[in-house]
Amino acid sequence: MTNHSCLVIFEIRGSYMSRILPTTKDEANIEQTTDRRRFIKGAGLALGASALTGLAMPSSAEAVTNTSKKSESATSGYDSVIDKVLATKEISFGVDLTFKPIQYKTASGTPTGYIVDLANKLAASLGATPKWVEIPFGELFAGQAAGKFDMSGIAATIKPERAQKVLFAGLPAFVESNVVLLKPGFKVSSLEQLNSSSVTIAVVLGSSQESAAQILYPKAKLKRLANQAALADVSAGRSNAMIVGEFEVADAVKNQPKLTVFKGKPVFVDENSFFMPAGDYKLKAYVDTWLRYETSHNNLAGLWDKYVGNDARKMGLQSVSVTSSWT
5 MTNHSCLVIF EIRGSYMSRI LPTTKDEANI EQTTDRRRFI KGAGLALGAS
55 ALTGLAMPSS AEAVTNTSKK SESATSGYDS VIDKVLATKE ISFGVDLTFK
105 PIQYKTASGT PTGYIVDLAN KLAASLGATP KWVEIPFGEL FAGQAAGKFD
155 MSGIAATIKP ERAQKVLFAG LPAFVESNVV LLKPGFKVSS LEQLNSSSVT
205 IAVVLGSSQE SAAQILYPKA KLKRLANQAA LADVSAGRSN AMIVGEFEVA
255 DAVKNQPKLT VFKGKPVFVD ENSFFMPAGD YKLKAYVDTW LRYETSHNNL
305 AGLWDKYVGN DARKMGLQSV SVTSSWT
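Using the numbering used here, the first residue of the sequence shown is number 5, and each one after it goes up by one.
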């Protein structure tokens, strides 16, 4: 309203000036006055258009609010999963319990392992009882996006394409050294020999190992399987090799002594961490703080060495315990 009022006032003044300044001498002054009126009129239109644009386009704050509303609807009326957990004293974890020794079930069916122990500690820190929602690994990210569970109860590689669907914690829960497991009787002098059309490599469907194998060994045939099926495939000799985290090697070789692991530096390493609903930064802030505390108190390192590190190092494999940079 203010802009339009100014425009009217200027136009009245312009008309008054044109009446008291007849076109006898100062036509140049009249032209200047007319130009000013046109300029002001144009500026008024531009301001009006800008105001309309401002009304049509949402502000950054409105965009954030809209995102929050979407997150709220995904958490049954709560602003964040953490609010829901604190209110209900329950937390549902999405898990695939087929990756011994980091996540598996005991003979009685109880979830256990390195990352399961951490998830239990996380739940306890919130005063909540954990509920385990079992979903095949390759379907966990879509399951999180669909709201089938509150957050992951296992850690996954922080692949960028996964971050389009879920929100990863900002600190690693563990660092995975990926090595090559070879079928009984199969020997190679260098990993480059795996890049052959005569070689079949077993990989876990939807894993970082699957993505890496396509890049590192494009000529090889890839057999995409669930984790236990992939291990069984290479153990039976149907696949020549399997790219696998060092945490699985000790148990695999124990169960199948004729399996061998290619010695040397890891093919690559992965940072793995918990993930949660996209946009739930309140939950992320808590999980980050909790992970930082557990790391600085050497709880991650102690559990990793218990379940993975000690056995892997005995086999000559690199295995990194997550510790604080200040220790």
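For every residue, glycine included, the Cβ atom is placed at its ideal position computed from N, Cα and C.
Query, Result
"Report buried or exposed for Ser193, applying the criterion of at least 16 other Cβ atoms within 10 angstroms of its Cβ.", "exposed"
"Looking only at DSSP bridge pairs, what is Tyr108 linked to?", "Thr116"
"Measure the alpha-carbon distance for Ser84 versus Leu287 and round it to whole angstroms.", "7 Å"
"Quick one: measure Cβ to Cβ for Thr293 and Ser328, integer angstroms, because I've assumed they're closer than 8 Å.", "In fact, because the Cβ distance is near 14 Å, the residues do not count as touching under 8 Å."
"At 3 residues or longer, and completely inside the segment 142 to 207: list those beta strand (DSSP E) runs for me, N to C.", "170 to 172, 178 to 186"
"Tell me, please, whether the segment 231 to 238 touches the segment 145 to 163 by the rule of three or more beta-carbon pairs shorter than 8 Å.", "no"
"Within a Cβ cutoff of 7 Å, which residues of the same chain sit near Asp315, ignoring the five residues on either side of it in sequence?", "Ala254"
"Express the C-alpha separation of Tyr82 and Lys267 in angstroms, rounding to a whole number.", "50 Å"
"Please state whether the Cβ-Cβ distance between Ile2 and Ala177 is less than 8 Å.", "Given a span of 5 to 331 for the chain in the structure shown, any question on residue 2 remains unanswerable."
"Give me, in chain order, the residues of the same chain whose beta-carbon lies closer than 8 Å to that of Lys163; leave out the 5 immediate sequence neighbours on both sides.", "Ser212, Ser215"
"Leu198 and Tyr221: beta carbons closer than 8 Å?", "yes"
"Around the Cβ of Ser414, are there at least 16 other Cβ atoms within 10 angstroms (buried) or fewer (exposed)?", "As shown, the chain starts at 5 and ends at 331. That puts residue 414 outside it, with no answer to give."
"Among Gly131, Ala236, Trp330, which one has its Cα closest to the Cα of Val208?", "Ala236"
"Pick out whichever of Leu171, Glu165, Gly131 has its Cα sitting closest to the Cα of Gln148.", "Leu171"
"Name the two residues that bound the continuous beta strand (DSSP E) containing Glu214.", "Careful: Glu214 lies outside any beta strand (DSSP E), inside the alpha helix (DSSP H) at 212 to 220."
"Should Asn124 and Phe272 be called a contact, given that it needs their Cβ atoms to be closer than 8 Å?", "no"
"Would you kindly work out how many angstroms separate the C-alpha atoms of Glu35 and Gln168, rounded to a whole number?", "Low confidence applies to Glu35: its pLDDT is 46, below 50, so where it sits in the model is not reliable enough to give any reading."
"Any idea which residues DSSP pairs Val248 with across the strands?", "Val183"
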